[in-house]
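The opening residue of the sequence shown carries number 1 in this note's numbering; numbering runs sequentially from there.
Cβ atoms here follow ideal geometry from the backbone N, Cα and C, with glycine treated the same way.
To keep things clear, I will list the structure first and then write my remarks on it.
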Amino acid sequence: MDSASAPLSQRVEGLNGLEAYKVTVVRLEKPLEEVELMYSGRLESYESVLPYLKDSINPEFTLLRTDSLFYPIPSEPDFESLVKSVVGSEFEAEIEIEGVPEGLVVAFGGEIDGNMLRIEGTKRLDIAVAPFKVIEEEPFRLFILSEEGINRAIELLEKAYWFYSSILGRRGEKFTVIETPENYGGQAGKGYALVAGSSLRAEIPANLYHELAHLWNPRITPEAHLSRFFDEAFANYLTALAVREIHGEKAFNRFIEGLRRNYETLIRRFPYAERLKPSEWGGLGLWELSYTKGALILHELHKRTGDDFYEILKRLVEAESVDFERFSRDSQRRGGD
Ligand SMILES: [Zn+2]
């Protein structure tokens, strides 16, 4: 911390729950509505702590992600508290980037205006600088490292976009894809995704379909958000439907089987989770179940309700506010039992 508008103390501490990860902890002397902080620092790789955390400044590929904590995050120096803070709060940001060498391009999920970056209603920040080529093809914007195989990827993205639009209605937002080198770990924010070249060019780019599906997330109450059911279960089941639409029934069945296998693996680790309802997952920190069991529940509901399922989905997407009560009311009325 170089300077601040209010008295504070600071020191470097291990993150509780992930002690090898050292963070600068800044404590304000008293609570404030607003605070201005000026800070600087060196970004070092934390690969020894989190293998995918390769964020660094270098000529080949510079990456700044929320995971490397390159901007202040309100939280206790505790891993769980940090994750909760990132998942549970939205903010807006305006970032000025300086010193980008000639020939390199800044990639960002929000608006880019010269060296100013802006984003609203985001939960995280991700900025990449590399010799990107930029492809803009409404509603997509892609920052890619190689043109090889990219036409097919765009074609598949378009198919998925039109499929989701046809069942859930058009969305105004753009979708940005930022290519990363391999093993950086996928990331997604509001309207954008960071994906490895191999995921982008996969035979069936399910990761991309999943991130794209998040554009159609319903508006969820904070309470219901904890379980991640209405975002992750829905995104994964929409992915399954896009796989069926674009790649056929066999690919769909393989995708569903994969979910089932992953669910069984989770259940071996947390046997008691089998009897829990999705609304109970959040409070127990078992939101991982949304990706597998959550999507499988939607698959069952789809089988039971047939084409009415799309009506249920559409009403959720359009609703002012969604929670489990509303969801079960809607799905039972439509499902007829
Ligand atoms: Zn997701």
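Top-ranked residue by Cα proximity to residue i, from the options
| i | options | result |
| --- | --- | --- |
| S81 | P59, D2, L15 | L15 |
| R315 | E44, W216, R141 | W216 |
| A319 | V106, P218, L63, L289 | P218 |
| E147 | K133, G189, E158, R260 | K133 |
| E47 | V26, I267, P101, N183 | N183 |
| P72 | Y39, E102, P59, E94 | Y39 |
| I112 | A202, E102, E94, E274 | E94 |
| A213 | L194, G294, S165, T62 | S165 |
| F270 | A295, L284, E33 | L284 |
| R260 | E245, N236, L276 | N236 |
| L104 | D67, E60, R65 | E60 |
For residue i, the three-state DSSP class (helix, strand or coil)
| i | result |
| --- | --- |
| A202 | coil |
| F230 | helix |
| T122 | strand |
| N151 | helix |
| G292 | For the record, residue 292 in the displayed sequence is Thr; it is not Gly. Residue state, collapsed to three classes: helix. |
| V243 | helix |
| S9 | strand |
| V35 | coil |
| N58 | coil |
| F108 | strand |
| V317 | helix |
| V322 | strand |
| G335 | Unreliable placement is indicated for G335, whose pLDDT of 47 sits below 50; no coordinate value is reported for it. |
| R304 | helix |
Length of the line joining the Cα atoms of residue i and residue j
| i | j | result |
| --- | --- | --- |
| S3 | R124 | 24 Å |
| A224 | Y21 | 30 Å |
| G110 | Q332 | 39 Å |
| P139 | E90 | 24 Å |
| M116 | A128 | 14 Å |
| G185 | L289 | 20 Å |
| L69 | V23 | 8 Å |
| M1 | T62 | 22 Å |
| E152 | S199 | Reading off the sequence shown, one finds Arg at residue 152, where the question assumed Glu. Taking the straight line joining both Cα atoms gives about 12 Å. |
| E13 | G41 | 16 Å |
| L156 | F163 | 10 Å |
| G88 | E44 | 27 Å |
| D307 | G169 | 16 Å |
| K303 | E19 | 46 Å |
| L301 | I246 | 22 Å |
7 Å Cβ shell around residue i - same chain, five flanking residues per side excluded
| i | result |
| --- | --- |
| D337 | Its pLDDT being 45, under 50, D337 is placed unreliably in this model, and the value from its coordinates should be taken loosely. Nothing listed; no residue qualifies. |
| I256 | A240, H299 |
| E137 | I154 |
| V100 | V106, V129 |
| L8 | V26, R27, L28, E29 |
| S75 | S81, L82, S85 |
| S5 | V35, E36 |
Contacting residues, own chain, Cβ-Cβ under 8 Å from residue i (five flanking each side not counted)
| i | result |
| --- | --- |
| N262 | Y291, T292 |
| V243 | I204, A206, Y209, A251, F252, F255 |
| E98 | N115 |
| V322 | P218, R219, I220, T221, A224, F230, L316 |
| D78 | L15, N16, G17 |
6 Å CB neighbourhood of residue i in its chain, flanking five on each side removed
| i | result |
| --- | --- |
| E173 | G191, L215 |
| R118 | E94, G110, E111 |
| W287 | S227, R228, W281 |
| L238 | A213 |
Any C-beta of chain B under 7 Å from that of residue i
| i | result |
| --- | --- |
| W162 | Checking the listed chains, one finds no chain B in this structure; it contains a single protein chain. |
Could you name the residues whose beta carbon sits closer than 7 Å to any heavy atom belonging to ligand 1, keeping them in chain order?
A188, H210, E211, H214, D231, E232, A235
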